[in-house]
Amino acid sequence: DVVREQPDGTLEYLGRSDVQISLRGQRIEPSEVERALTADEAVDQAVVRMWTSETLGDRLIGYVVAADGDGFDRAAVLARLRTVLPPAMVPAALVPLTAIPINPGSGKADRSALPDPQVLARPAFRPPQTQIEHIVAAAIAEVTGHSRVGLDDNFFELGGNSLLGVDLCQRLSEQSGTA
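Using our numbering, the letters of the sequence shown map in sequence onto residues 3 to 181.
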């Protein structure tokens with residue numbers, strides 16, 4: 003917290019010197035998550051921010067520049083984060099970037115210039131083949147707010163979480179009579 007002492011000795015609260023996020027009642031310091039990300043040898047730079055989606059709600063998103071410039075294994079990086087961070091601090095998704103956008107005035111990361119995580123490239127689309135695959139893909143698309151889901155899409159990387167998983171299971175249960 004940043005305060006200023008007034009002439010009469012009282013303290014005036016000016017705000018916070020850091021960026022703190024409140025996510026589902028949990029206080030998160032993005033810099034802690036960023037340090038954990040850059041401690042991974044596959045990650046050169048990282049910025050974390052909250053992203054709000056109508057369908058998925060608030061999500062912590064990590065934006066990452068790979069150390070080797072060729073990319074990184076998102077699942078492996080997230081798995082390592084789960085061993086060093088509390089669950090609330092693990093990003094819902096990691097978005098690969100070639101560079102972190104910089105605010106020209108401050109020289110710091112420009113979080114407002116980070117791309118929408120839902121419009122970024124996903125794996126090459128492989129459509130569902132069987133009736134069951136179509137039912138599951140349609141249910142995942144509906145609960146995550148995506149227009150289509152393929153065989154290689156990951157429920158959690160699409161923004162799924164345990165609460166949406168319950169909704170997904172209910173929808174699939176309702177559909178089980180049609181499969």
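Just so you know, even glycine gets a beta-carbon here, dropped at the ideal spot from N, CA and C.
Q: Enumerate in chain order the residues of its own chain whose CB-to-CB distance from Ala-111 is below 8 Å, with the five nearest sequence positions on each side excluded.
A: Val-49, Ile-102, Pro-103, Ile-104, Asn-105
Q: Assign Gly-147 to one of three DSSP states: helix, strand, or coil.
A: coil
Q | CA-to-CA distance, Val-138 to Glu-144, given in whole angstroms | A | 10 Å
Q) What first and last residue would you give for the alpha helix (DSSP H) that runs through Gly-167? A) 164-177 is the span of the alpha helix (DSSP H), which, as asked, contains Gly-167.
Q: Check whether the Cβ of Ala-101 sits closer than 7 Å to any heavy atom of the ligand FAD, and report yes or no.
A: This structure lacks the ligand FAD, and indeed carries no ligand of any kind.
**Q.** Proximal residues to Ala-95 (C-beta, below 6 Å), its chain only, five neighbours per side dropped
**A.** Result list for Ala-95: Ile-63, Pro-119, Glu-159, in chain order.
Q) Do you know how far the Cα of Glu-7 is from the Cα of Tyr-15? A) Separation of Tyr-15 and Glu-7 (C-alpha to C-alpha, rounded to the nearest whole angstrom) is 9 Å.
Q.
Output needed for Arg-82: all residues of its chain with C-beta closer than 7 Å, excluding positions within five of it in sequence on either side, in chain order.
A. Asp-42
**Q.** When Gly-162, Val-86, Ile-23, Met-52 are compared against Pro-117, the one with the closest alpha-carbon
**A.** Of Gly-162, Val-86, Ile-23, Met-52, the residue nearest in Cα terms is Met-52.
Q) Taking C-beta to C-beta, are Arg-173 and Gly-152 nearer than 8 Å? A) no
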